[in-house]
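Below is one structure; the comments refer to it alone.
Chains as they are written, first to last, in our numbering: chain W, 582 to 752; chain S, 340 to 597.
In structure tokens:
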């Protein structure tokens, strides 16, 4: 199970998928995330039945990186030029004992919406809530998207790179 | 009223033991301090080690960790106090009966420690409740906690029953519980007994550390034929110039019994 093989299978079975390989991971457009994940979960060959980890990442102002080779996926989506938020999903197979397959989704900071994986993997619920709480990624289709670590009255998303924490030393 | 020590010794040699009600009362209090059983982070592991057989806090009479604040005399704030947890810590403190004491254990509870610049960490529990003993360390060793406990016992020994805060009705032992705000806790500290230092720079930079009035000593002018700086005799101008500034630059969170 190597990267090329997974890539070819994904392209074959998910129609209209624009896939970019970055190292060992796959960058998929947000419209096709659910479809790609469903294929990997239900296909006999992969059976990726376990979503181990959902990670949110903030890439602030990646304009400088755009021209570099290997950044074609970002370059293809011009709205990501002023920085983007990324959700990284690590899929494993408990049945076949293999993995991970890494699916990444990138959304612009101005409109950070992407589909939730909770309909496929119930275990994504709390992890997506955390990414929403700390980075402000809005997972559409999540059954209960609210803050999980910070309190309800809190404003802002503190793990964003441009977040400025309060000064506690004001009299 | 204290008893003359020489007289007391003389009397004890003859089999007569004299004390004051105050001393007897404080002896009882300091020898059976019941700590509140709660921990906030890794310092709590050291606190548990202190309570176990090897370090054995029972030697000092403080082994009875109570699960309820109503039965506790001492709150050991062991670990990082997050902004989310701080109101609960203050509420627990309010629920303890007088006389009550607080040990701030570890760098985090004193000042925020390594998480000081984080968005979620309170820069020291002494912003909301009065702390009797600060124990520095990250985390402090069990011996350090025992030392802090002994310092607290000395403080208890020095108190007068009729002048203690908790026994005077006009002195409130309740402290306001901070509320969750949009960016942090409101208020940011209790202005009745805490004032943040404003003479510190906003952020650490390479040239401007968070140390008040710190100026690196000028390099000593080296006359021709004089020894190299590494070979200079001890007590040269550079050492003398730096040492007082560094002493003054110690953060206020050092160990101190108030």
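Glycine included, each C-beta is placed from N, C-alpha and C at the ideal position.
- With a cutoff of 8 Å on beta-carbon distance, residue 413 of chain S and residue 379 of chain S are scored as not near each other.
- Inclusion of residue 446 of chain S and residue 400 of chain S in the CB contact set at 8 Å is not warranted, their separation being larger than that value.
- Assigned with DSSP and collapsed to three states, residue 637 of chain W falls in strand.
- For residue 685 of chain W, the uninterrupted beta strand (DSSP E) segment begins and ends at 679-689.
- Judged by DSSP secondary structure, residue 429 of chain S falls within the alpha helix (DSSP H) whose first and last residues are 425-434.
- Every beta strand (DSSP E) stretch that sits fully inside the stretch 464-519 of chain S and reaches 3 residues is listed by chain position as 472-474.
- Per DSSP, residue 694 of chain W lies in no alpha helix (DSSP H); the unbroken beta strand (DSSP E) holding it starts and ends at 694-696.
- Using a Cβ-Cβ cut-off of 7 Å, residue 521 of chain S is close to 734, 735, 736 of chain W, given in chain order.
- Scanning chain S for C-beta atoms nearer than 7 Å to the C-beta of residue 747 of chain W yields 522, 523, reported in chain order.
- Within the DSSP secondary-structure output, residue 418 of chain S pairs in no beta bridge.
- Around the C-beta of residue 343 of chain S, fewer than 16 other C-beta atoms lie within 10 Å, and the residue is accordingly described as exposed.
- Neighbours of residue 535 of chain S in chain W, taken as residues at a C-beta separation under 8 Å, are given in chain order as 749, 750, 751, 752.
- Annotation: the continuous beta strand (DSSP E) that includes residue 667 of chain W extends over 664-674.
- Counting only runs of 4+ residues, the alpha helix (DSSP H) found wholly inside the stretch 697-740 of chain W occupies 705-716, in chain order.
- Under the DSSP assignment, residue 344 of chain S falls in the alpha helix (DSSP H) whose first and last residues are 344-352.
- By the Cβ criterion, the stretch 486-494 of chain S is in contact with the stretch 360-375 of chain S, since at least three pairs of Cβ atoms, one from each stretch, lie closer than 8 Å.
- Among the CB atoms of chain S, none fall inside 8 Å of the CB of residue 724 of chain W.
- A distance below 8 Å between beta-carbons, with the five flanking residues on each side excluded, links residue 613 of chain W to the following residues of its chain, in chain order: 595, 597, 598, 599.
- Taken through DSSP and simplified to helix, strand or coil, residue 586 of chain W comes out as helix.
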